[in-house]
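Asker: Per my numbering, the very first residue in the sequence shown carries number 642; after that it's consecutive.
Note that CB positions come from ideal geometry on N, CA and C, so glycine has one too.
None of these values were measured; they are calculated from a predicted model.
Okay, here's the structure, questions in a sec.
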Amino acid sequence: MHLTPVASLPARCLLACASIASLLICTAAAAATDRPNILLLLSDDHSYPFVSTYGNTSISTPVLDQLAAEGMRFHRFFTGAPQCVPSRACLMTGRSAVAARMTRFSAPLPRDEITLPELLREHAGYYTGICGRSFHLDGASRNSPALSRIYDKNQLRTFADRVDFLNTCGDSEVATQMAGFLDRKPADRPFFLWANFSDPHHPWNAPAEFRPDPATLQLPPHWPDLPGMREQLADYFAEINRLDRTIGTVLDVLKQKGLYDQTLIVFAGDNGAALPHGKGSLYDPGSNVPLLIRWPGNVKSGGDSKALISGEDIAPTLLAAAGVPAGPRMSGHSFLPLLQNQLFTPRSHVFIERGSHGSNAPVRTDISSSGYDLARAVRSDRWKFIYNCTPWVPYSPVDSAGGPGWQQMQAAAADGTLSAPLISTYFTAPRPVYELYDLDADPSELRNLAGHPETADIEKELREALAEKMILDFDYLPLPALPDQQTQPSPNNGKKAGNKARKQ
642 MHLTPVASLP
652 ARCLLACASI
662 ASLLICTAAA
672 AATDRPNILL
682 LLSDDHSYPF
692 VSTYGNTSIS
702 TPVLDQLAAE
712 GMRFHRFFTG
722 APQCVPSRAC
732 LMTGRSAVAA
742 RMTRFSAPLP
752 RDEITLPELL
762 REHAGYYTGI
772 CGRSFHLDGA
782 SRNSPALSRI
792 YDKNQLRTFA
802 DRVDFLNTCG
812 DSEVATQMAG
822 FLDRKPADRP
832 FFLWANFSDP
842 HHPWNAPAEF
852 RPDPATLQLP
862 PHWPDLPGMR
872 EQLADYFAEI
882 NRLDRTIGTV
892 LDVLKQKGLY
902 DQTLIVFAGD
912 NGAALPHGKG
922 SLYDPGSNVP
932 LLIRWPGNVK
942 SGGDSKALIS
952 GEDIAPTLLA
962 AAGVPAGPRM
972 SGHSFLPLLQ
982 NQLFTPRSHV
992 FIERGSHGSN
1002 APVRTDISSS
1012 GYDLARAVRS
1022 DRWKFIYNCT
1032 PWVPYSPVDS
1042 AGGPGWQQMQ
1052 AAAADGTLSA
1062 PLISTYFTAP
1072 RPVYELYDLD
1082 ADPSELRNLA
1092 GHPETADIEK
1102 ELREALAEKM
1112 ILDFDYLPLP
1122 ALPDQQTQPS
1132 PNNGKKAGNK
1142 ARKQ
């Protein structure tokens, strides 16, 4: 038997240790290489299903259609709010806007809310950036020097520290900004870039070459077939068609730099169209937006999903794709297994919040102050429950109340030519506190079933789910009434107190 000299063991151990260390270094390097670049493309005021890949023949979006064909498209992606600021807060924090304290438009994201790019940079070495249209999370002070002074005095503008590259610009400049961002990126680091686009947000000024013929459009039941609605919808579709061309220039930059197939590309809308039933409302067109994801080698081409996905889920999913755990306060769920065709348990509910829009204050109750509207909603695959906390505020569409569509709807309501379901939906005053819709039978959400005995069990389930979400998020609104809730008597006994008051 051959015995190894004891004196030679340390050398061999050192050699083995060196080999193991080398293997670990190589493994770590490979892991770093496996981390995908991430490009998040966000359109503004863009309702589902207004991309031609979803079957709308009045829209032409070949660039987005190709992303969908080479990846996965989602039919039931819901942003956390039907408005720009809170929906973006939700996307970046993986939490509801209520939990992140971002339901007021003028609010800057609190410093202790940790964002997706910060986690990618800290835990996975990503080079991070934001460009394009305003990202809306450093406070709204465009028209207020006083607010600007307050933000600066208290160091509330934080995004220059949260990312490596920050530049707001017009849509036509996004491709150039992206090229500059990639030129600055260190060669050994993956990147995360959030590119924001203004289209199809107002103003609707796309050239005529992008505009479909209004006479050819098909209108859903929640829009009356009026000339003004057709004209506005044609203007809106033109914006989407122009957006598609703009995104093509951005993706061309990736291709020119050899990064297209090494990048996880996400395209989504921030909230719905600025038309009746859309932006600012808790009906589906307000928060159901397009979502397309392309990731070669991980997402199979031609994927199609009707799973419920929340805006809270985007950040945890992108973190998981980079091998980074979700932030400890994130309430969203990663749907990475769904992307990779693995076992996946879908959500049973998504939640949407509606806060005040712009800087409106609740000092008037006429139509001019309808921006102040507080409401919450919960949606399952089939059912939607809406809880209106300011039902005395008349409905008015956000950003389009002055357009010909809404003006003609008002005129039709006044002269009695608007249909009864549309009168009930848009012109009931006060509005109902509770709304319940069967989305299979009534996808346009025109027949309110709240309080109907035959849907009592469904309504109870959704009320309780919404109450739980509001409790967990420390929502500042009162909870919806629950079926088993007992009315508490007044501490002074209402009858005696009334008698005493009359004697005084």
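1. In terms of residues, what are the limits of the beta strand (DSSP E) holding Arg-714?
2. Closest to Thr-817 by CA distance: which of Arg-1088, Ile-888 and Asp-706 is it?
3. Going by DSSP, name the residue or residues bridged to Arg-1020.
4. Look up Trp-1047 in the DSSP assignment and give the residues it is bridged to.
5. Return the CA-CA distance between Phe-985 and Met-713, expressed in angstroms with no decimal places.
6. Could you tell me which residues DSSP pairs with Trp-835 in its beta bridges?
7. In angstroms with no decimal places, state the Cα-to-Cα distance between Phe-992 and Leu-867.
8. Is Ile-1027 a contact residue of the ligand HEM, with contact defined as CB to any heavy atom under 7 Å?
9. Where Leu-683 and Ile-700 are concerned, what is the direct C-alpha to C-alpha distance, given to the nearest angstrom?
10. Candidates His-687, Ala-709 and Thr-702: which alpha carbon is nearest Lys-941's?
11. Go ahead and pull the three-state DSSP assignment for Asn-1187.
12. Buried or exposed for Val-1125, going by 16 or more other Cβ atoms inside 10 Å?
13. How should Ile-881 be labelled, buried or exposed, when 16 other C-beta atoms within 10 angstroms of its C-beta is the threshold for buried?
14. Glu-1105 to Lys-794, Cα distance in whole Å?
15. Just verifying my parser: in three-state terms, what is the DSSP assignment at Thr-890?
16. Three or more beta-carbon pairs under 8 Å between the region 806-822 and the region 767-777, yes or no?
17. When you compare only the Cα positions, how much space is there between Pro-1119 and Leu-923?
18. Excluding the 5 residues flanking Asp-829 on each side, which residues of the same chain have their C-beta closer than 6 Å to its C-beta?
19. Enumerate in chain order the residues of its own chain whose CB-to-CB distance from Ile-755 is below 7 Å, with the five nearest sequence positions on each side excluded.
20. Once you ignore the five residues that flank Thr-890 on each side, which residues in its own chain have a CB closer than 7 Å to its CB?
21. With a threshold of 16 other CB atoms inside 10 Å of the CB of Arg-752, please say whether the residue is buried or exposed.
22. Taking the alpha carbon of Gly-999 as the point to measure from, which residue in Leu-1107, Ser-785 and Ala-820 has its own alpha carbon closest?
23. Relative to the alpha-carbon of Ala-1091, which residue among Leu-1123, Lys-898 and Asp-1114 has its alpha-carbon at the smallest distance?
24. When you compare the CB positions of Asp-885 and Pro-703, do they come within less than 8 Å of one another, or not?
25. CB Arg-729 to CB His-777, shorter than 8 Å?
26. Would you give the residue range spanned by the alpha helix (DSSP H) that Gly-910 belongs to?
27. Work out the CA separation of Lys-1025 and Gly-938 for me, nearest whole Å.
28. Using the Cβ count rule (16 or more neighbours within 10 Å means buried), how would you classify Thr-1058?
29. Just list the residues that DSSP pairs Tyr-1075 with in beta bridges.
30. On the DSSP letters alone, give me the boundaries of the beta strand (DSSP E) that Gly-944 sits inside.
31. Does the Cβ of Ser-663 have 16 or more other Cβ atoms within 10 Å, making it buried, or fewer, making it exposed?
32. Can you grab the Cα-Cα spacing for the pair Pro-1094 / Asn-1029, in whole Å?
33. Opposite Ser-951 in the DSSP bridges: which residues?
34. May I have the straight-line CA-CA distance separating Ala-961 from Thr-1069, to the nearest angstrom?
35. Could you give the distance in angstroms between the alpha-carbon of Ala-801 and the alpha-carbon of Arg-825?
36. Check whether the region 1040-1058 and the region 864-878 are in contact - that is, three or more C-beta pairs closer than 8 Å.
Answerer: On the basis of the coordinates in this document:
1. 713-719
2. Ile-888
3. Val-991 and Lys-1025
4. Per DSSP, none; premise fails for Trp-1047.
5. 15 Å
6. Leu-681 and Ile-771
7. 33 Å
8. By its list of ligands, the structure shown contains no ligand whatsoever, and the ligand HEM lies outside what it can speak to.
9. 18 Å
10. Ala-709
11. Given that the chain is displayed from residue 642 to residue 1145, the structure contains no residue 1187 and the question cannot be resolved.
12. According to the sequence provided, residue 1125 is Asp. The question's Val does not apply to it. With fewer than 16 Cβ atoms within 10 Å of its Cβ, Asp-1125 is classed as exposed.
13. buried
14. 43 Å
15. helix
16. yes
17. 18 Å
18. none
19. Gly-968
20. Ala-816
21. exposed
22. Ser-785
23. Leu-1123
24. yes
25. yes
26. Careful: Gly-910 lies outside any alpha helix (DSSP H), inside the beta strand (DSSP E) at 904-910.
27. 36 Å
28. exposed
29. Tyr-1028
30. 944-946
31. Residue placement at Ser-663 is poorly supported in this model, since its pLDDT is 38, which falls under 50; the coordinates still yield a value, given next. Exposed, since its Cβ has fewer than 16 Cβ neighbours within 10 Å.
32. 21 Å
33. Phe-719
34. 46 Å
35. 16 Å
36. yes
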